[in-house]
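Chemist: Residues in the sequence shown are numbered consecutively from 51, following our numbering.
Here a beta-carbon is modelled for each residue, glycine too, at the ideal position from N, C-alpha and C.
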Amino acid sequence: MDLVNFIHEVGTLKLIPRSGWLKVGVKNPESVAEHSFRAAIIAFLLAKESGIEKALKSAFCALVHDLHESRTMDLHGLAKKYVKVDEEKVKNEQVSFGIDFKDISDVEKFVKDADKLELAFQAVEYSNITKFAIEFAEELEFETDIARKIYEELMKRKDPRWWR
Numbered sequence: 051m052d053l054v055n056f057i058h059e060v061g062t063l064k065l066i067p068r069s070g071w072l073k074v075g076v077k078n079p080e081s082v083a084e085h086s087f088r089a090a091i092i093a094f095l096l097a098k099e100s101g102i103e104k105a106l107k108s109a110f111c112a113l114v115h116d117l118h119e120s121r122t123m124d125l126h127g128l129a130k131k132y133v134k135v136d137e138e139k140v141k142n143e144q145v146s147f148g149i150d151f152k153d154i155s156d157v158e159k160f161v162k163d164a165d166k167l168e169l170a171f172q173a174v175e176y177s178n179i180t181k182f183a184i185e186f187a188e189e190l191e192f193e194t195d196i197a198r199k200i201y202e203e204l205m206k207r208k209d210p211r212w213w214r
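#1: Using a Cβ-Cβ cutoff of less than 8 Å, which residues in the same chain neighbour H115 once the five nearest sequence positions on both sides are dropped?
#2: State the beta-bridge partners of S100 as determined by DSSP.
#3: Grab me the residues of A170's own chain with a C-beta within less than 7 Å of its C-beta, minus the 5 sequence neighbours each way, in chain order.
#4: Work out the CA separation of F56 and N128 for me, nearest whole Å.
#5: If I measure Cβ to Cβ from F232 and keep anything under 6 Å in the same chain, skipping five residues before and after, which residues do I get?
#6: What span of residues does the alpha helix (DSSP H) with V135 cover, start to end?
#7: Which word fits Y176, buried or exposed, when buried means at least 16 other C-beta atoms lie within 10 angstroms of its C-beta?
#8: Is the distance from the Cβ of I215 to the Cβ of S81 below 8 Å?
#9: Going by other Cβ atoms of all chains shown within 10 Å of its Cβ, with 16 needed for buried, is H118 buried or exposed?
#10: Expressed to the nearest angstrom, what Euclidean distance is found between the alpha-carbon atoms of D209 and T180?
#11: DSSP three-state label for S108, please.
#12: Anyone know if the C-beta pair for L63 and S120 falls short of 8 Å?
#13: In whole angstroms, what separates the C-alpha of K20 from that of K159?
#14: Assign R68 to one of two classes, buried (16 or more other C-beta atoms within 10 Å of its C-beta) or exposed (fewer than that).
#15: Rounding to the nearest angstrom, what Cα-Cα distance links A197 and V174 in this structure?
#16: Give me the residue from G101, L96, D124, S100 with the minimum Cα distance to A112.
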């Protein structure tokens, strides 16, 4: 196990742009690392009513949910129609560093909802740059009530100016 190399690999997520935003004209989109950070905070908030252990597990799982992209890059939906990536192979190799992706069934709904919510928030924020960004946030479906409520409020406001 070479933790030094693995930590460098994790660092490359700061350099990998979320590619879907490039398709709609965002010139300097958020990185995979930035997306994962906010998704982790959201996952924690969604799961906290289920107890601190689930909240922490949800946050960690959201933090590493796109870790495979350190090797595969971030592929947007259109690219995935043409390119097959073996995410499981990457995750299985990364398990050797102590990250277990198998036992997440109890928090999976929080992680999936956090991933979608983070996308929706980013879409609202990028809608100031391009009108097409908001399309990424439209008609998303959620498994948890709290995520659904946050999403509905976000889409009602569609205003990223949190300081107001």
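Modeler: Taking the geometry as given:
#1: As a first step, residue 115 must be located in the sequence shown, where it is residue number 65. S86, A89, V161, D165.
#2: Position 50 of the sequence shown holds residue 100. None; S100 has no bridge partner.
#3: Here residue 170 is taken as the residue at index 120 of the sequence shown, counted from 1. A187, L190, Y201, L204.
#4: Within the sequence shown, residue 128 is the residue found at index 78, counting from 1. Within the sequence shown, residue 56 is the residue found at index 6, counting from 1. Sequence check: residue 128 is Leu here, not Asn. Approximately 29 Å, taken between the alpha carbons.
#5: One cannot answer for residue 232 here, as it falls past the ends of the chain, which runs 51 to 214.
#6: Locating residue 135 in the sequence shown gives position 85, where the first residue counts as 1. Segment: none, V135 is in no alpha helix (DSSP H) and carries neither H nor E.
#7: In the sequence shown, the residue the question calls residue 176 occupies position 126. Result: buried.
#8: Any answer about residue 215 is impossible in this case: the structure gives the chain only from 51 up to 214.
#9: Taking the sequence shown and counting its residues from 1, one reaches residue 118 at position 68. With 16 or more other Cβ atoms within 10 Å, it is buried.
#10: For the purposes of this step, residue 209 is taken as residue 159 along the sequence shown, with counting starting at 1. For the purposes of this step, residue 180 is taken as residue 130 along the sequence shown, with counting starting at 1. In a straight line, the C-alpha of D209 is about 14 Å away from that of T180.
#11: Working through the sequence shown from its first residue, we reach residue 108 at position 58. Note: S108 maps to helix in three-state DSSP.
#12: Numbered from its first residue, the sequence shown carries residue 63 at position 13. Numbered from its first residue, the sequence shown carries residue 120 at position 70. Yes, Cβ-Cβ distance for L63 and S120 is below 8 Å.
#13: Residue 20 is absent from the model: the chain starts at 51 and stops at 214.
#14: Locating residue 68 in the sequence shown gives position 18, counting from the first residue. So R68 ends up on the buried side.
#15: For this step, residue 197 is matched to residue 147 along the sequence shown. For this step, residue 174 is matched to residue 124 along the sequence shown. Looking at the two C-alpha atoms, the distance is approximately 16 Å.
#16: Counting from one through the sequence shown, the residue named residue 112 turns up at place 62. Checked all of G101, L96, D124, S100; the closest Cα to A112 is L96.
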